[in-house]
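*Asks:* Got a structure here, written out as structure tokens. Questions coming.
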Amino acid sequence: MRRLASTTLIGACAVGLLLAACGSDDGGGGNGGNGAAGGAAGSAGDGGSAGNAAGNGGDAGTGAVGGAAGNGGAAGNAGAGGTGGGSGVELPRASRSSTVALTSDDATVVMANQDCGGISIFDTASNTLRASVPTGAEPSSVVIHPNDTSVFVANRADATVVRVDGIDGSSPTAATPVDVGSEPTGLALSPSGKLLFVAEHAEGSVAVIDTTTMTVVDRITDVDTPFALAVTNDLDGDDDDELLVVPEFFGESIGVEGTDASRQGRVRFFNVSDRAASGQDVVFQPVDSGFEPKSTPGAGTAMTSPNQLSSVNVQGDKLYITSTSVSPAGPPTSNGNVQPVIYAANISDRTVDTNHTVNLARAVKTDAGSNPVLFLADIVDVDFIAPDVAYVASRGADVIQRVGFGPAVTVGHPNGVRQMDVLPAPATGPGGCKNPTGIVAGHASPKAWVNCWVSRSLGVMDFTTQTLAATVKSCDLPTNPNEQQVEAGKRFFFTGRARWSDNAWSSCASCHPGGLSDNVVWRFAAGPRKSISLAGSYSHSPGGVQKQRIFNHTAVFDEMHDFNRNTVGIQGGAGAIQEPDTGAGATDCTGALKPVDLGDGVKGVNGKPAKEFQDAPENCGTDDFDAIEAWAQQLRPPAGRKLLDAQAVARGATLFGEFIEGTNSNGGCVSCHGGKGWTVSRRFYTPSTATNTALGTSIFTAPPAWPSTWTDHSGDAQLSVQNASSDLVADAQAPNQVACVIRKVGTFGVPGDANATAELEVRANGTTRAQGAGGYNIPALYGLSLGAPFLHHGGAKNLEELFTGTTWEAHYRAVNAAFLTGSNAAQDREDLIQFLLSIDASTAEQPIPFGFEGCPTAFQ
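For the sequence shown, the numbering used here gives the first residue as 15, with consecutive numbering after it.
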């Protein structure tokens with residue numbers, strides 16, 4: 015039977031080979047713990063014969079009133095380690111993924127510097143930066159070995175793991191990187207430190223690394239989009255009875271897409287000993303959000319579904335998972351879109367702990383006292399100072415939230431501090447803590463350390479005062495003006511503060527984690543629409559001029575600035591494009607402001623585009639969306655899968671290519687997905703009142719090479735509503751679209767089922783017909799391994815479903831009517847899918863075949 019740490023934690027607060035005092039956050043230090051018996055080492059070769067020494071006494075408690083030092087245990091001699099064996103030490107608590115980690119003596123903090131390509135190592139006694147070590151591009155997770163001298167770093171962009179030794183000194187060194195699968199995002203260690211587990215997010219697997227040889231010795235593939243990991247720790251010195259805990263980042267599709275109960279969250283378990291699946295999964299179901307959406311008064315509270323399971327923490331038999339849960343039924347509104355839910359479960363019987371599963375937005379609204387309420391957008395990490403006291407990092411709100419998991423869930427501290435706002439600058443340090451991405455609590459010290467991502471600093475939390483006590487610079491902020499603009503854009507995209515949402519309910523990143531997609535189908539004003547990754551908004555191939563795709567599924571936005579409508583209408587913010595509330599003009603910009611009514615996205619005759627509104631002095635605009643655009647332009651698309659069959663990928667690339675009747679059996683996918691950015695969608699003009707007015711009368715004519723079924727827009731203006739012939743329902747036509755990027759290839763509704771189509775293809779109000787029967791804007795193909803479900807309405811659950819059977823055959827046979835038929839169809843399908851999963855910014859793009867480019871080269 016597995017022994018869990020819960021009883022030990024309750025009895026002694028913190029345990030290990032050396033038992034330390036458990037710090038508290040109520041102003042008084044805990045008493046020192048009694049010495050524990052010496053831990054048993056492994057058998058010879060794995061750690062030597064068993065030790066028989068008792069542990070030393072625990073340190074005195076820390077805090078305003080220190081506790082008494084613990085008594086040492088009885089003396090004895092430790093067993094010698096075997097040759098090549100372990101150190102005889104183990105981690106004092108369950109290992110988990112985070113962007114910040116702490117040694118067991120609370121002396122050293124290691125922080126991942128995502129934007130600086132390395133780690134920073136800090137001395138906690140002096141709050142100083144001890145060393146910086148380059149490790150690779152986009153370090154995403156750090157875990158410290160039980161020897162307290164080595165740290166492991168996952169580098170997301172490089173797809174490597176690096177071991178850094180000597181972190182207790184002034185000159186740590188990085189070892190040779192170990193190659194792992196695509197987009198490693200999370201790390202966790204077995205208690206002895208012998209095995210390192212790596213979440214290969216885009217690969218859809220978990221790598222297992224032997225930390226002695228630093229080689230990949232195994233890989234777990236029965237998991238989808240792992241992001242964060244944890245390993246249980248019953249503190250018995252034996253790795254083999256522990257479990258690897260793997261939440262899947264995206265919720266699984268259930269029920270009808272675009273509804274509030276359309277996702278469930280899954281957590282998988284694997285034996286550390288043999289990596290086999292262990293027992294049943296934990297499955298989290300939708301919960302009552304506790305909020306009646308402002309857009310549907312009187313309709314009752316909305317359900318919210320698990321999604322973006324971003325971190326996991328094990329406390330004895332309990333696990334706690336942070337999420338950004340979703341209510342996509344609409345109409346979209348600030349309090350009814352996303353919710354910061356912590357899901358709790360029991361490991362032993364795999365049941366959901368409904369008593370401790372909590373929507374923190376609901377909790378802080380109910381229990382916020384007199385302090386301002388920030389609704390905790392994008393909770394991304396959680397750590398515990400006691401088995402029932404947690405601290406949660408909200409990246410979008412710049413808040414560290416105390417949560418009590420007693421008989422009832424509570425928020426805030428007994429001293430009256432309800433939330434710790436870490437944005438204001440503390441007394442010591444370079445400034446406040448912007449966008450915290452990770453938190454690690456002290457083992458004995460009543461403190462925590464926070465990765466302040468956008469600030470590029472370490473935050474030091476003092477739990478006795480419930481404040482951000484200090485920040486320490488981790489790496490330099492940019493000084494180049496262009497890089498500074500990108501940094502500003504990143505901040506605006508990832509924050510829910512100030513003008514960006516209603517009291518930090520959400521940020522742009524709430525639906526676009528990392529700038530990508532949450533893969534949720536939202537019921538928007540134009541119809542059901544799956545979130546689109548911003549990585550496909552611009553081309554990313556080396557060399558040449560970067561191309562911008564027309565935005566949204568039906569090509570109704572043509573500028574990044576158009577999304578100010580989302581900031582105002584969906585997130586509840588004031589927006590970055592404003593005008594004087596009195597209408598007095600530019601001279602009144604210091605007074606009250608209100609959002610500008612931007613009207614439709616793509617402007618027709620006499621329409622003023624959003625950036626033109628922004629830049630007009632009388633509108634008191636900022637250049638914030640210029641900065642968001644600059645950030646989005648350099649956003650790295652996810653890497654393609656690395657662990658594919660190279661020959662299958664090559665065959666798939668050929669099948670993707672141009673179809674020449676009588677010459678090859680290719681699919682001709684390149685006819686729509688060719689050119690820069692893997693899409694023919696292209697903004698061929700610079701929006702302005704004059705240009706858009708001209709495009710509102712300039713006629714689009716479909717090229718002769720196009721099949722006649724591909725567009726209903728031929729003969730319409732370049733900027734026009736959906737053609738009336740596309741749908742007999744008149745209210746389906748608006749708003750304006752960019753005609754030349756639309757393709758009609760059988761993806762509207764449910765082909766062959768008019769009733770199901772009528773139920774699915776409705777707008778946010780739940781009754782009006784959706785736009786789309788006339789076709790959709792061609793998407794880019796970056797990051798498909800992280801993109802399921804597919805199509806605008808999520809109708810294809812995976813790529814196999816998209817290319818199999820008759821439901822979507824009009825799509826995959828849009829060019830070659832015989833594609834994926836015949837005796838070799840199954841192999842061709844698999845080859846094509848492997849190629850699609852390999853596509854990233856480094857993949858050689860295929861040119862658009864002659865005659866298939868539908869848009870003008872340019873338009874003045």
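Just so you know, even glycine gets a beta-carbon here, dropped at the ideal spot from N, CA and C.
1. Does the distance from the CB of residue 609 to the CB of residue 582 come in under 8 angstroms?
2. Taking only runs of the beta strand (DSSP E) that begin and end inside the region 502-577, which ones reach a length of at least 3 residues, in chain order?
3. Kindly indicate which three-state DSSP category residue 684 falls into: helix, strand or coil?
4. My guess is that residue 410 and residue 508 are in contact by the Cβ rule of under 8 angstroms, so how many angstroms apart are they, rounded?
5. If you draw a straight line from the C-alpha of residue 585 to the C-alpha of residue 349, how long is it?
6. Any idea which residues DSSP pairs residue 284 with across the strands?
7. Using beta-carbon positions only, say whether residue 340 and residue 325 come within less than 8 angstroms of one another.
8. Give the secondary structure of residue 378 by DSSP, where H, G and I count as helix, E and B as strand, and everything else as coil.
9. Rounded to a whole number of angstroms, what is the C-alpha to C-alpha distance between residue 261 and residue 719?
10. Would you list the one or two residues that DSSP bridges to residue 751?
11. So residue 259 and residue 246 are supposed to be a Cβ contact under 8 angstroms. How far apart are they, rounded?
12. Going by DSSP, which residues form a beta bridge with residue 367?
13. Have a look at residue 512 and residue 579 and give me their C-alpha separation to the nearest angstrom.
14. Can you tell me whether DSSP reads residue 582 as helix, strand or coil?
15. Please identify the residue among 538, 558 and 531 whose C-alpha is closest to the C-alpha of residue 551.
16. Please state the DSSP three-state secondary structure of residue 341.
17. In its own chain, which residues sit with a C-beta less than 7 angstroms from the C-beta of residue 574, not counting the 5 before and 5 after it?
18. Secondary structure at residue 795, three-state DSSP: helix, strand or coil?
19. Please give me, in chain order, every unbroken run of the beta strand (DSSP E) with length at least 3 that falls completely inside the region 604-670.
20. Nearest by alpha-carbon distance to residue 688: which of 361, 667 and 698 is it?
21. For residue 187, which option in 215, 132, 345 and 351 has the closest C-alpha, if you only look at C-alpha atoms?
22. Where does residue 692 fall in DSSP's three states?
23. Output the distance between the C-alpha atoms of residue 763 and residue 733, rounded to the nearest integer angstrom.
24. Leaving out five residues before and five after residue 546 in sequence, what residues of the same chain have Cβ atoms less than 8 angstroms from its Cβ?
25. Between which two residues does the beta strand (DSSP E) carrying residue 142 extend?
26. Rounding to the nearest angstrom, what Cα-Cα distance links residue 708 and residue 868 in this structure?
27. Buried or exposed: where does residue 770 fall if 16 or more other Cβ atoms within 10 Å of its Cβ makes it buried?
28. Using only the alpha-carbon positions, how far apart do residue 823 and residue 216 sit?
29. Along the chain, where does the beta strand (DSSP E) containing residue 349 start, and where does it finish?
30. Grouping DSSP H, G and I as helix and E and B as strand, with all else coil, what is residue 720?
31. Does the region 157-170 come into contact with the region 112-131, if we say contact requires no fewer than three beta-carbon pairs (one atom in each stretch) closer than 8 angstroms?
32. Would you kindly work out how many angstroms separate the C-alpha atoms of residue 587 and residue 522, rounded to a whole number?
33. Mind reading off the beta-carbon distance from residue 407 to residue 398? Whole number of angstroms is fine, and I expect it under 8 angstroms.
34. Can you tell me whether residue 864 is buried or exposed, with buried defined as 16 or more other CB within 10 angstroms of its CB?
35. Cα separation between residue 577 and residue 542?
36. Measure how close the beta-carbons of residue 882 and residue 520 come, nearest whole angstrom, since I'm counting them as under 8 angstroms.
*Replies:* Once the coordinates are examined:
1. In this structure, residue 582 lies closer than 8 angstroms to residue 609 by Cβ.
2. Taking 3 residues as the minimum length, the beta strand (DSSP E) runs contained wholly in the region 502-577 are 535-538 and 541-544, in order along the chain.
3. Helix at residue 684.
4. Between residue 410 and residue 508 a beta carbon distance of about 7 angstroms is seen, short of the 8 angstroms cut, so the two are scored as contacting.
5. Between the C-alpha atoms of residue 585 and residue 349 there is a straight-line separation of about 8 angstroms.
6. 258 and 291.
7. With a cutoff of 8 angstroms on beta-carbon distance, residue 340 and residue 325 are scored as not near each other.
8. The three-state secondary structure of residue 378, taken from DSSP, is helix.
9. If I take the Cα positions, the gap works out to 48 angstroms.
10. DSSP output for residue 751 lists 734 as bridge partner(s).
11. Contact between residue 259 and residue 246 holds: their C-beta atoms lie close to 7 angstroms from each other, under 8 angstroms.
12. According to DSSP, which records beta bridges pairwise, residue 367 is partnered with nothing at all.
13. Approximately 16 angstroms, taken between the alpha carbons.
14. Here residue 582 sits in helix by DSSP.
15. It is 531 whose Cα lies nearest to the Cα of residue 551.
16. Residue 341 carries a coil assignment under DSSP once its states are collapsed to helix, strand and coil.
17. 639, 642, 643 and 646, listed in sequence order.
18. Looking at residue 795 - three-state DSSP - the assignment turns out to be coil, as it is neither helix nor strand.
19. As far as the region 604-670 is concerned, its whole beta strand (DSSP E) runs of at least 3 residues are 607-609.
20. When only C-alpha atoms are compared, the closest one is 667.
21. Among 215, 132, 345 and 351, the Cα nearest to that of residue 187 belongs to 132.
22. In the three-state reduction of the DSSP assignment, residue 692 falls in the helix class.
23. The alpha-carbon of residue 763 is positioned some 24 angstroms away from that of residue 733.
24. Only residues of its own chain outside the window of five on either side were considered, and among them 531, 565, 566, 567 and 793 have a CB closer than 8 angstroms to the CB of residue 546, listed in chain order.
25. From DSSP, the beta strand (DSSP E) with residue 142 extends over 142-148.
26. Roughly 18 angstroms between the two C-alpha positions.
27. Exposed, because fewer than 16 other Cβ atoms sit within 10 Å of the Cβ of residue 770.
28. Cα-Cα distance, rounded: 27 angstroms.
29. Taken as a continuous stretch (DSSP letters only), residue 349 belongs to no beta strand (DSSP E), as it is neither H nor E.
30. The answer is coil: DSSP assigns residue 720 none of H, G, I, E or B.
31. The way I'd put it, the region 157-170 does touch the region 112-131; three or more beta-carbon pairs between them come closer than 8 angstroms.
32. Distance between the alpha carbons of residue 587 and residue 522: 11 angstroms.
33. Incorrect: roughly 13 angstroms between the Cβ atoms, too far for contact.
34. Per the 10 Å Cβ criterion, exposed.
35. One C-alpha to the other measures close to 17 angstroms.
36. Residue 882 lies beyond the range of the chain shown here (15 to 874); nothing can be said about it.
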